[in-house]
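Its first residue numbered 8, the first sequence is counted upward by one per residue in this note's numbering.
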Amino acid sequence: MPVAKPSATSRSELSGTPPAGPVLGSEFFDRDTVAVARDLLGKVLVREVEGRLLWGRLVEVEAYLGPDDLAAHSSGGRRSPRNEVMYGAPGHAYVYFTYGMHWCANVACGDMGECQAVLIRALAPMAGAEAMWEDRPAARRTTDLCSGPAKLCQALGITGSDNGADLIAGDRGIVVLSDGCAPPRRPGNGGRTGIVVATERPWRWWVEEDPNVSRWTPRV
DNA sequence: CTATAGATGCCCT
DNA sequence: GGGCATCTATAGC
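Put into structure tokens, the structure is as follows:
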């Protein structure tokens, strides 16, 4: 599995090996999407790219629940090349392009033919911060590196070429693993970010008190 | 610290 | 053409 074997050119400051613990498998992702979202808090996203190994702990997520969710890209059963991955097997990455310049990463959940996903909104950087700084010159503090869905994609070098990646097999250097850190018993919970309030439902969860959670002011 | 404008390209109830 | 699951720089307290 690619991320378990860092290449010889890994930078020394990345400390070489990711946290010990099992990579999440299909039994994790092929469940109710809300349960997957909540349980992803505290898990570790590991990324191997260009011989570098980076990882961070998930501290903020949002669920998008398919045809009946007006805010989802799959709302109303819409199906297109863009959202095709969400209809496929759970545990695959749905990476989309937005605002003309940003990538955002999701994990597809639910059975084949369903179209649900969890958006990864923020990470607490754990290793590879040097590489993250290089890819995020606008960041001023460590908490600027991964405190937003597009920020963390930039920090980890995740782009459209990673759309459809199998996070269970780690076929493109991305996996999620558990290092034994349990999800918070009482996570923060509220409306999703950037969604028109009238269509909104409380499907955003975060780790309370974590400084890497994205800040957000509701749109009027 | 908060508030606001502008960037920029793909998608399309 | 309008909107977008966003971010950054800048202005103003």
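Heads up, the beta-carbon is just placed ideally off N, CA and C, and yes, glycines get one too.
Q) Do A146 and I127 have their CB atoms nearer than 8 Å? A) Their beta carbons are not under 8 Å apart, which means A146 does not touch I127 by this criterion.
Q) Distance, Cα to Cα, A138 vs F36? A) Approximately 29 Å between the Cα atoms of the pair.
Q.
Using CA atoms only, rank isn't needed, just tell me which of C116, D39, K50, G201 is closest to A27.
A. For A27, the nearest C-alpha among the options comes from K50.
**Q.** Whether L285 touches R64 by CB criterion (8 Å)
**A.** This structure cannot speak to residue 285, because the chain is shown only from 8 to 227.
Q | DSSP beta-bridge partners of V214 | A | V214 pairs with nothing; no bridge assigned.
Q. Helix, strand or coil: how does DSSP classify A115 here?
A. Strand, per DSSP.
Q. Would you say R106 and V92 are within 8 Å of each other, going by their C-beta atoms?
A. It should be noted that the sequence gives Tyr, not Arg, for residue 106. Y106 places its beta carbon 8 Å or farther from that of V92.
Q) Thinking C-alpha only, which one of E216, L174, W140, G180 is nearest G58? A) For the set E216, L174, W140, G180, the Cα lying nearest the Cα of G58 is the one of G180.
Q. With distances taken between CB atoms, is the gap from G120 to S33 smaller than 8 Å?
A. Result no, Cβ atoms of G120 and S33 do not sit closer than 8 Å.
(Q) How far does the alpha helix (DSSP H) with A138 in it extend, from its first residue to its last? (A) That run of the alpha helix (DSSP H) goes 136 to 142.
(Q) Could you tell me which whole beta strand (DSSP E) segments of length 3 or greater appear in the stretch 76 to 109? (A) Runs of the beta strand (DSSP E) inside the stretch 76 to 109: 100 to 105.
Q.
For the alpha helix (DSSP H) containing L47, name the first residue and the last one.
A. Counting along the chain, the alpha helix (DSSP H) containing L47 begins and ends at 40 to 47.
Q) Just reading off the alpha helix (DSSP H) that E207 is part of, what are its end residues? A) E207 -> no alpha helix (DSSP H), and no H or E assigned at all.
**Q.** Simplified DSSP state of E57, which is helix, strand or coil
**A.** Assigned with DSSP and collapsed to three states, E57 falls in coil, not helix or strand.
Q) Between V41 and the rest of its own chain, which residues show a CB-CB distance below 6 Å, the 5 nearest in sequence each way excluded? A) Correct list, in chain order: A70.
Q.
Since W212 and A44 should fall inside the 8 Å C-beta cutoff, what is the C-beta to C-beta distance between them, to a whole number of angstroms?
A. With a Cβ gap of about 6 Å, W212 and A44 count as contacting.
Q.
Rounding to the nearest angstrom, what Cα-Cα distance links W210 and W140 in this structure?
A. Here the alpha carbons of W140 and W210 stand approximately 30 Å from one another.
Q: Count the other CB atoms, across all protein chains shown, that sit within 10 Å of the CB of D169; report buried if there are 16 or more and exposed otherwise.
A: Burial is judged here by how many other beta carbons sit within 10 angstroms of a residue's own beta carbon; D169 has at least 16 and is buried.
**Q.** Bounding residues of the alpha helix (DSSP H) (the contiguous stretch that carries L184)
**A.** No alpha helix (DSSP H) holds L184; the beta strand (DSSP E) holding it covers 181 to 184.
Q.
Using only the alpha-carbon positions, how far apart do R86 and H80 sit?
A. Going by the C-alpha atoms only, they are around 9 Å apart.
(Q) What does the Cβ neighbour count give for L77, buried or exposed, with the cut at 16 atoms within 10 Å? (A) Here L77 is exposed: its Cβ has fewer than 16 other Cβ atoms, across all protein chains shown, within 10 Å.
(Q) Tell me the DSSP secondary structure of D37 in three-state form. (A) Coil, per DSSP.
Q. Which whole-angstrom value is the C-beta distance of P194 and E215, which I expect to be below 8 Å?
A. The C-beta separation of P194 from E215 comes to about 7 Å, placing the pair in contact by the 8 Å criterion.
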